[in-house]
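Chemist:
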Amino acid sequence: MFTVYHSNQVDVLKSLLVELVKIDPLENPFEKEQILVQSPGMSQWLKMALAKEFGVAANIDFPLPATFIWNMFTQVLADVPQRSAFNKESMSWKLMQILPSLLDQPEFTPLQRYLEDDSDSSKLYQLAEKIADIFDGYLVYRPEWIAAWESGQVVAEIGDEHPWQPILWQALYDHTLALGQSPYHRANLYEHFIDSLANYQGRFENLPKRLFVFGITSLPPRYMDALKALGEHIDVHLMFTNPCRYYWGEVRDRKFLAKLAAKQRKHLVWRDDHSEIEGESEQLKGTIEENLAYDDAAYHEMVDGESIDLLHTDVVGNSLLASMGKLGRDNMYLLSQLESNEIEAFVDLGRDSLLQQLQADILNLEEHQDDQQLTTSQHKQVVRGDDYSLTLHACHSPMREVEVLHDQLLNMFDADPSLKPRDIIVMVADINAYSPAIQAVFGNAPGERFIPYSISDRSADQESPILAAFMQLLNLANTRCLASELLELLEIPAILNRFGLSEDEFLQAKIWVEESGIRWGLNPATGTEFDLPATAQNTWQFGIERMLLGYAMPESAGLFNDGQQSLSPYNEVQGMGAELAGKLAHFIETVSDYRQALAHAHSIDGWRQLLTAMLDDFFQVELEGEVALKSIRDTLTMLKEQLEDAAYQAELAPSIISQYLQNKLSGTRVSQRFLAGQVNFCTLMPMRSIPFRAVCLLGMNDGVYPRSMPPEGFDLMNGRTRAGDRSRRDDDRYLFLEALLSAQQTLYISYVGRSIQDNTERVPSVLVSELMEYCHQNYRLAEDADLSCDESGDKLLANLHRQHAMVPFSPAAFSDSSSDFSSYSSYAKEWLPAANRQGQRSGEFNRQLSDYLADVSYPLDLDLVELQRFWRLPVQYFFNRRLKVMFEPPLPIMPDEEPFILDGLESFQIRDALLNQLLSDQLQANSNPDQTVQNFVDQQRAQGKLPVGAFGDIEFDTNRVQAEQLVEALRFVTSAPVDDVEINLNFDLLGEGKPIVLQGWLTQAYQSGLVRYRSGKIRPQDYLAAWIDHLAMSAMGVAKRTHMIGYDRKEGVVHLIYPPIEDGDYAKNLLAELVRLFYQGMTQPLAYFPKTSLAAIEAGFSRGGAWADDEEKSLKKMAEAFNDGFMSSGEGNNAYIGRIWPQWNDALAQEVRTLAALVIQAPRLLVKDAHDE
4 MFTVYHSNQV
14 DVLKSLLVEL
24 VKIDPLENPF
34 EKEQILVQSP
44 GMSQWLKMAL
54 AKEFGVAANI
64 DFPLPATFIW
74 NMFTQVLADV
84 PQRSAFNKES
94 MSWKLMQILP
104 SLLDQPEFTP
114 LQRYLEDDSD
124 SSKLYQLAEK
134 IADIFDGYLV
144 YRPEWIAAWE
154 SGQVVAEIGD
164 EHPWQPILWQ
174 ALYDHTLALG
184 QSPYHRANLY
194 EHFIDSLANY
204 QGRFENLPKR
214 LFVFGITSLP
224 PRYMDALKAL
234 GEHIDVHLMF
244 TNPCRYYWGE
254 VRDRKFLAKL
264 AAKQRKHLVW
274 RDDHSEIEGE
284 SEQLKGTIEE
294 NLAYDDAAYH
304 EMVDGESIDL
314 LHTDVVGNSL
324 LASMGKLGRD
334 NMYLLSQLES
344 NEIEAFVDLG
354 RDSLLQQLQA
364 DILNLEEHQD
374 DQQLTTSQHK
384 QVVRGDDYSL
394 TLHACHSPMR
404 EVEVLHDQLL
414 NMFDADPSLK
424 PRDIIVMVAD
434 INAYSPAIQA
444 VFGNAPGERF
454 IPYSISDRSA
464 DQESPILAAF
474 MQLLNLANTR
484 CLASELLELL
494 EIPAILNRFG
504 LSEDEFLQAK
514 IWVEESGIRW
524 GLNPATGTEF
534 DLPATAQNTW
544 QFGIERMLLG
554 YAMPESAGLF
564 NDGQQSLSPY
574 NEVQGMGAEL
584 AGKLAHFIET
594 VSDYRQALAH
604 AHSIDGWRQL
614 LTAMLDDFFQ
624 VELEGEVALK
634 SIRDTLTMLK
644 EQLEDAAYQA
654 ELAPSIISQY
664 LQNKLSGTRV
674 SQRFLAGQVN
684 FCTLMPMRSI
694 PFRAVCLLGM
704 NDGVYPRSMP
714 PEGFDLMNGR
724 TRAGDRSRRD
734 DDRYLFLEAL
744 LSAQQTLYIS
754 YVGRSIQDNT
764 ERVPSVLVSE
774 LMEYCHQNYR
784 LAEDADLSCD
794 ESGDKLLANL
804 HRQHAMVPFS
814 PAAFSDSSSD
824 FSSYSSYAKE
834 WLPAANRQGQ
844 RSGEFNRQLS
854 DYLADVSYPL
864 DLDLVELQRF
874 WRLPVQYFFN
884 RRLKVMFEPP
894 LPIMPDEEPF
904 ILDGLESFQI
914 RDALLNQLLS
924 DQLQANSNPD
934 QTVQNFVDQQ
944 RAQGKLPVGA
954 FGDIEFDTNR
964 VQAEQLVEAL
974 RFVTSAPVDD
984 VEINLNFDLL
994 GEGKPIVLQG
1004 WLTQAYQSGL
1014 VRYRSGKIRP
1024 QDYLAAWIDH
1034 LAMSAMGVAK
1044 RTHMIGYDRK
1054 EGVVHLIYPP
1064 IEDGDYAKNL
1074 LAELVRLFYQ
1084 GMTQPLAYFP
1094 KTSLAAIEAG
1104 FSRGGAWADD
1114 EEKSLKKMAE
1124 AFNDGFMSSG
1134 EGNNAYIGRI
1144 WPQWNDALAQ
1154 EVRTLAALVI
1164 QAPRLLVKDA
1174 HDE
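Be aware that the sequence shown starts at 4, since it is given in this note's numbering, and climbs by one per residue.
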């Protein structure tokens, strides 16, 4: 018997199923109970529910409808294979073989144009997949078309639209028969199956004793017919979750309504632990005339291309059900066509909350809108002001949605101690988009605010780094093998383990890769694959060989020439470091081998062998990772079976295998932790209408939900919709309705209601808008009976709608807390001080430390080098030496492009190195500057530092000219070197018996004096460094000049001179002041900033070169140097300066100006231009 059970509650249907099993248990304990469901989530819930009822639930099969019905075909009909020769995958591969041979026919001209320039058949594969998907839909929803095509008939309703489809189907059918495969498919089996069951008088031995179809929202018409026919031989119990106790289908002709009015359903009532039949109930609400008036009085509006009944008075209907229920409405109509035994077990709902009011309206097919009463709201149903069973939350971003949800759930738990995490489900349109925010908020909540949660339905490639790495490896042949790309691959733990690298070794290898000049390309041939010249420099081979040479030969051995290029050893690889270089070389060699193999087409056996070996060679995994590898191997096995079914013998191009594996692996769901006893986060999917006390919907944004999936342009079902056809948008509309009905206490809806960029308002999903409009028209708050319909509706929506602040530390997030939702109060107490404007700065950082000289012993030694380092930037020296603190700069982004130009620092480094090389060379006998320059160029190229080709020549020539000009200037002052000058000076700055001894050596001393040079512009710190050396030399009684030589892009070579100081005591006194400030700066940071301080002095120079102190101009120039400009970064951006002096102010300006006068004024005013001497 075929029995249909209607109920508005899944729990009741579950209880009926349990009762039926208990009353009539299976005779054979080894026979499996068959329960058809439409999703793993429903089967999981049902297993747990049955286990709770029976104590244990075992030996139960939960097949999907299509699988079960095909299995029944094999049991009832002869010669039906276990797997259809017309399954979607098999058709795809067969179409790839058939389609090319048909393209010359005029009907296939559009396809021929699409498949032009398809050298690797990737477009053919994509097209075959789409066509197979459409044909699969025809087999289920349009079997009569398939039958007509196979018999050579024309389908009248199609006409000559896409005339290639009948030809292609017939070719596919003939090809399948030619392969000796079964001609049976779902289109031609249903009639045969139904006829066999109808005409057979005996008993089929292999049919199950009974079948339950549980909670399936919608079935294709042919599935329904097959189950009805099966019901003639076994008991088929179709348990349908019906939101409404009355007929609510679209078909409203008088004959059909009269038929429904004559039919009665048995009314079943659940009594504690059993059911009882209590009479019969009507299927039709109201009279036939009232139902006919439903169409006449309705106002039709087009929604998603469908006419929806929205406004009606004094007739039967509910606009929410009409708008969102098309999927269930079609199913209702199809069920009403079947002659079946119908039983209803609807549960009456109270009207204690707004949510229950909505559910009761839908159950009883009614609403309270009255278009004749617009000035009063007496006709509306009353909602309490403290009713928060339905709330709508507008946030600024997905992250804020999740933060607000976390606080609201904590509020729910506080308000209702009986509520448990397992009682809550959170559904989103795309779980992959929200999972990072969910993990950030829920995963990082402190212990007292931690809510157990689980995330279901994430795709495998999103959750498993191993699968993501496998797809990256599979796509190696299409990549340039960037340095960052391969290092990212190597960093995956399973790959690190396979190649024997620790995390520390990986970090070291990363430094080596950057410093050895690796950018992209495995070897010179990689560039040619992208129509670029073959270039060895900056490839992985270039860098790895440099590393190995660093171990094999010393730097003094010069360059290594392998016949194609010169290589400079990378000398950081020494001793035990060779093992790490070897591991890195092994990784790159393995990548290179597989990249070459993956670039060619292979047979399926070749691909399986290659990819299985690749898994073994790249991954060393734990047990959890083995699951991911097994899914890859299983997918390859499945592909082999599909190709064998389709008799596909051709080799598969890399692009095809990559597309296939990407589709299959990304489509698999590995995180099926549904109903795991925690707050469930999952995707909005069919049959997630399991009852939960709280249902939360996130991301209900306009344009995002309902999800839009445009149909294929050549799908002949477009525009020819029938009852029972599936549509993604119809599915989503019904899913929203199911979510509304499955919430037992609370329905929480959230969306991005304002732009995070400019705070402009955004509207929610059209479904949310419809729900709010329904509430607006049908309900009111208790005190609003005398208001107009619109006014009372507006007040109700204001009570339901929550506008949340953009940031979690907004004062609005911490209103006075309450035990309900009436005022939103965040639980994130760490933001409370900021929200209350009670935030305080941490204690003053620049505190007075103990005297640096408190515990020292005398005489106190001071190295001249340390004094020089101090005055480069005193505050940095204070942090580094006194506080032992170093601010690490942000890690640079690894460059993936070979150099085409040199930036300022790189130019300086090359120019400086060349300058030093030329200077040392001129001291050698028989020196050859041209050869020196050539050797230097070869060295730089061998290290990968110069741009490739002519770019490198241009860059180097520019720097060479500058270096040679500097050498020319230096030649005159460095021609007669003398011994280094020893410094040994005693200072009595600290009082009697506390001598300070300044010691050191002055190098680069010549007959002309001290020479200080740099290959760039002379900086403020260079003035002071040369001045300190000049004072020390003079204090030692050596009265000579000190030369400063630099290079300015505008002025060329700059040669400055400090004149000799004859009075040694005068020089010592000036130096003593700098030493005194040194010890002062070690106790408390000195506000001496080189660039800003020099700007203070430079401000005093007039156009004629005279200097006079100008305080106003000085303060202005200092502020400009300290603060950021439009195109420049200020000195205040320095991490050390900013930590002590975050802002420029008048007090700081005076302090800097005072120190500038003490420190930099003398050296700047006394310096002379060499041309003026």
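Idealized CB from N, CA, C, for every residue including glycine.
When the Cβ atoms of the region 423-439 are set against those of the region 693-708, are three or more pairs found closer than 8 Å?
Modeler: yes
Chemist: What first and last residue would you give for the beta strand (DSSP E) that runs through tyrosine 8?
Modeler: 5-10
Chemist: Please name the residue, chosen from Gly218, Leu210, Ile219, Phe217, that lies closest to leucine 233 on a Cα-to-Cα basis.
Modeler: Leu210
Chemist: Less than 8 Å between the CB atoms is what I'm expecting for arginine 483 and phenylalanine 533, so what's the real figure, rounded?
Modeler: 7 Å
Chemist: Going by the CB atoms, is the gap between arginine 1044 and proline 1063 shorter than 8 Å?
Modeler: Judged by beta-carbon spacing, arginine 1044 lies within the 8 Å limit of proline 1063, meaning their Cβ atoms are closer than that value.
Chemist: Helix, strand or coil for alanine 656 per DSSP?
Modeler: coil
Chemist: Given this structure, state the Cα-to-Cα distance separating valine 216 from isoleucine 469, to the nearest angstrom.
Modeler: 38 Å
Chemist: For asparagine 541, which residues in the same chain have their Cβ closer than 6 Å to its Cβ, ignoring the five residues on either side in sequence?
Modeler: Correct list, in chain order: Gly520, Arg522, Glu901, Gly947.
Chemist: Could you check whether the region 799-817 touches the region 395-408, counting it as contact only if at least three pairs of C-beta atoms, one from each stretch, sit closer than 8 Å?
Modeler: yes
Chemist: Go to tyrosine 1139, then tell me how far its alpha helix (DSSP H) extends in each direction, as first and last residue.
Modeler: 1138-1143
Chemist: Could you tell me whether the Cβ atoms of methionine 242 and leucine 20 are closer together than 8 Å?
Modeler: yes
Chemist: Any contact between the region 996-1008 and the region 865-882? By contact I mean 3 or more CB pairs, one from each, below 8 Å.
Modeler: yes
Chemist: Quick check: the Cα distance between leucine 485 and valine 407, rounded to an integer number of angstroms?
Modeler: 41 Å
Chemist: With distances taken from CA atoms, which of Lys1071, Asp1068, Ala135, Gly1019 is nearest methionine 1047?
Modeler: Gly1019
Chemist: Is the beta carbon of glutamate 110 sitting closer than 8 Å to the one on isoleucine 161?
Modeler: no
Chemist: Give me the DSSP bridge partner(s) of valine 682.
Modeler: Tyr456
Chemist: Kindly examine the ligand NAP and report whether one of its heavy atoms sits closer than 7 Å to the Cβ of leucine 98.
Modeler: The ligand content of the structure shown is nil, which means the ligand NAP is not present either.
Chemist: Rounded to the nearest angstrom, what separates glutamate 644 and asparagine 721 at their Cα positions?
Modeler: 33 Å
Chemist: Let me know the secondary structure DSSP gives tryptophan 251 once reduced to three states.
Modeler: coil
Chemist: How big is the Cα-Cα spacing for glycine 727 and arginine 736?
Modeler: Rounded to whole angstroms, glycine 727 to arginine 736 spans 15 Å at the Cα level.
Chemist: Considering just the uninterrupted stretch of the alpha helix (DSSP H) at threonine 77, what are its terminal residues?
Modeler: 68-79
Chemist: Pick helix, strand or coil for methionine 1, following the three-state DSSP scheme.
Modeler: In the structure as shown, the chain begins at 4 and stops at 1176. Residue 1 is therefore absent and cannot be evaluated.
Chemist: Thinking just about the alpha-carbon of each residue, which of Ser559, Ala1138, Ala539, Val576 is nearest to the one in glycine 566?
Modeler: Ala539
Chemist: Going by beta carbon distance, what residues of the same chain come within less than 8 Å of aspartate 837, once the five residues before and after it are set aside?
Modeler: Position check: residue 837 holds alanine in this sequence, whereas aspartate was assumed. Contacts found: Phe812.
Chemist: Assign glycine 70 to one of two classes, buried (16 or more other C-beta atoms within 10 Å of its C-beta) or exposed (fewer than that).
Modeler: Per the sequence shown, the amino acid found at residue 70 is threonine instead of glycine. Under this definition threonine 70 is an exposed residue.
Chemist: Which of helix, strand or coil does DSSP assign to leucine 744?
Modeler: helix
Chemist: Would you call the region 613-623 in contact with the region 447-457, where contact means no fewer than 3 C-beta pairs closer than 8 Å?
Modeler: no
Chemist: Mind pulling the alpha helix (DSSP H) runs of 4 or more residues that sit fully within the region 320-399?
Modeler: If only complete runs of 4 or more residues are kept, the region 320-399 shows the alpha helix (DSSP H) at 322-327, 329-340, 357-366, in order along the chain.
Chemist: Indicate the three-state DSSP secondary structure (helix, strand or coil) for leucine 632 in the structure shown.
Modeler: helix
Chemist: Name the residue from Val1162, Leu949, Tyr1082, Asp1127 whose alpha carbon lies nearest to the alpha carbon of glutamine 1146.
Modeler: Asp1127
Chemist: What three-state label does DSSP hand glycine 706 in the structure shown?
Modeler: Coil at glycine 706, not helix or strand.
Chemist: Entirely within the region 417-492 and at least 3 residues each: give me those beta strand (DSSP E) ranges in chain order.
Modeler: You should have 427-431, 456-458.
Chemist: I'd like to know whether the C-beta atoms of alanine 972 and glutamine 1010 end up nearer to each other than 8 Å.
Modeler: no
Chemist: Go to valine 83, then tell me how far its beta strand (DSSP E) extends in each direction, as first and last residue.
Modeler: Looking at the DSSP string, valine 83 is not in any beta strand (DSSP E), and its letter there is neither H nor E.
Chemist: Tell me the rounded alpha-carbon separation between isoleucine 1100 and glutamate 1065.
Modeler: 25 Å
Chemist: So, using beta-carbon positions, are isoleucine 197 and aspartate 177 closer together than 8 Å?
Modeler: no
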